[in-house]
Amino acid sequence: MTTILSCRVCAAPVTRNFCDLGESPLANAYLPATAEAIGAEPRFPLHAYVCDRCLLVQVGAFAPPEQIFGEYAYFSSFSSSWLEHARTYVESIVPRLGLGVSSLVVEVASNDGYLLQYFLERGVPVLGVEPAANVAAVATEKGVRTEARFFGVEAARELRDRYGAADLLVANNVIAHVPDLHDFIDGMRFMLADDGTATIEFPHLLRLVEGGLFDTIYHEHFSYFSLHTLERALSMHELAVVDLEELETHGGSLRLFVRHAGSAPGPSAHVEAFRAREVERRLLETRTYDAFQGVAERKRGDVRDWLAQLRAEGKRIACYGAPAKGNTLLNFCGLGVHDIPYTVDKSPYKQRHVLPGSHIPIEAPEHLRDDRPDVVWILPWNLRDEIAREIAYVREWGAQLAVAMPELRGA
Ligand SMILES: [Zn+2]
């Protein structure tokens, strides 16, 4: 693939390597366990670059968003810690913004209503915008008003006409997945009331770089933001960051509080401090990005050595979970059913399928009890404590728990 990317923020040609992970299928494209489906699986280069001009880390878009999100298999409500995160957010934001019965909260990529349900409990009207029709239908069944569509300028104009402007506009873990960033951000500007606040959560690039988290790179994740790059993109649409919070979700995220630049107060001390931290940690220097490929390759070596050692000891291994990040990791390491006979996952939407690329079968969690493996490798390492509690029963037969990221270790 020799197509030169045009930077999603500043439109400069992007050619500087950040991390080349080889060819890989879409990380959320779980396959039916049939030879036909497996034989027809498409692969695309998974290669992240960094823009020399604005420093946005990004991958090229190889698949249309309809293909990626049309029947998206991820249901937020399957993670109890994620629900707790949502509930805590609602508890703090409602009084902070003085939201009530005459307010409107709009969430972009509202999934199955995992977040908006907590606003409804408090009597605050909501509107979800969710591109995956099957996921939007689940939200509607729960009583969460949801429009099944992609968000951008056109959607924002129509939705604002129909429902009014948003006093709070929520964009959690969506902005990285947006192929046309400027259309999306301009849509936010349209949707946001004059005195409204938008909150944007995204995995922070500093944590990706410093943690060597190459497994959080996948095709569906087009952009990897620092505060520096996202502030730049927002300012191009007259939106300003007024405050921020650091979160532990997804291995380290930022939550930005954003308002129309014309009516926004100056940035808080948190924002100023964080800008300084990105400079101090060399996130604004290209050589920081140049070192990343070597880190990913070293970690791949660690995983392969570990599996070879387990094999030599005659130990049997299984995985837990089927997250997108696990697929990036397994595929970059070149692993398959000969290395890992199966994984287990709570989501019935993933069971009886195989993982993309590695074609490792996905079983129900109960399968662990029947099979009694010696080692359970937890792929969603960001949820390792929650999962370790859930499957504490594996200790009954002496199984060990492990994670491979950020570093290979027991869980
Ligand atoms: Zn750029």
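Residues in the sequence shown are numbered consecutively from 3, following the working numbering. Positions of the beta carbon are idealized from the N, C-alpha and C atoms, including for glycine.
TODO: Please indicate yes or no: does the CB of L183 lie closer than 8 Å to some heavy atom of ligand 1?
DONE: The count along the sequence shown starts at 1 and reaches residue 183 at position 181. L183: no, Cβ never under 8 Å from ligand 1.
Open item on the list: Does the beta-carbon of A13, which I'm using as the reference point, lie nearer than 8 Å to any heavy atom of ligand 1?
Closed with: Counted from its first residue, the sequence shown places residue 13 at position 11. Yes, ligand 1 has a heavy atom inside 8 Å of this Cβ.
Open item on the list: Distance check for F294 and A320, CA to CA, integer angstroms please.
Closed with: Taking the first residue of the sequence shown as position 1, residue 320 is located at position 318. Taking the first residue of the sequence shown as position 1, residue 294 is located at position 292. Spanning the two alpha carbons is a distance of roughly 29 Å.
TODO: Please state whether DSSP places E247 in a helix, a strand or coil.
DONE: Here residue 247 refers to the residue found at position 245 of the sequence shown. Strand.
TODO: Can you check DSSP and say which residues form a bridge with G412?
DONE: Walking along the sequence shown from the start, residue 412 turns up at place 410. Note: G412 sits in a beta bridge opposite A404.
TODO: Report the three-state DSSP secondary structure of L258 (helix, strand or coil).
DONE: Along the sequence shown, read from residue 1 onward, the residue named residue 258 stands at position 256. Strand at L258.
TODO: Thinking E203 and N30 are a contact (beta carbons under 8 Å), I'd like their distance in whole angstroms, please.
DONE: For the purposes of this step, residue 203 is identified with residue 201 of the sequence shown, where counting begins at 1. For the purposes of this step, residue 30 is identified with residue 28 of the sequence shown, where counting begins at 1. Their Cβ separation, rounded to whole angstroms, is 19 Å, which puts E203 and N30 out of contact at 8 Å.
Open item on the list: Looking at the strands, I want to know which residues DSSP matches up with Q60.
Closed with: Reading the sequence shown from its first residue, position 58 is the one you call residue 60. Per the DSSP secondary-structure output, Q60 pairs in a beta bridge with Y51, S225.
Task: Local Cβ density within 10 Å of A271, reported as buried at 16 or more and exposed below that - done: Against the sequence shown, residue 271 aligns to sequence position 269. Answer is exposed; the Cβ neighbour count stays below 16.
- [ ] Would you identify the three-state DSSP class for F334, choosing helix, strand or coil?
- [x] Counting from 1 along the sequence shown, the entry for residue 334 is found at position 332. Helix.
- [ ] Specify, as a first and last residue, the run of the beta strand (DSSP E) that Y322 falls within.
- [x] Stepping through the sequence shown from its first residue, residue 322 is reached at position 320. First-last of the beta strand (DSSP E) with Y322: 319-322.
Open item on the list: Between which residues of its own chain and R10 is the CB-CB distance below 7 Å, once the five residues before and five after are set aside?
Closed with: Within the sequence shown, numbered from 1, the residue matching residue 10 stands at position 8. Once the five neighbours on either side are set aside, the close Cβ partners of R10 are L58, Q60, L183, F224, S225.
Open item on the list: Restricting to Cα atoms, I'd like to know which of T231, V281, L23 is closest to C56.
Closed with: As a working note, residue 56 is residue 54 in the sequence shown. Among T231, V281, L23, the Cα nearest to that of C56 belongs to T231.
TODO: Could you work out which residue in A14, M193, G125 is closest to G100 when comparing CA atoms only?
DONE: Here residue 100 is taken as the residue at index 98 of the sequence shown, counted from 1. When each option's Cα is compared against that of G100, the closest is G125.
Task: Close-in-space but distant-in-sequence residues of the same chain around Q119 (CB under 7 Å, 5 per side omitted) - done: Position 117 of the sequence shown, counted from the first residue, corresponds to residue 119. Excluding residues within five positions, the ones whose Cβ falls inside 7 Å are K144, V146.
- [ ] Within 10 angstroms of the Cβ of Q311, are there 16 or more other Cβ atoms? Answer buried if so, exposed if not.
- [x] Against the sequence shown, residue 311 aligns to sequence position 309. Result: exposed.
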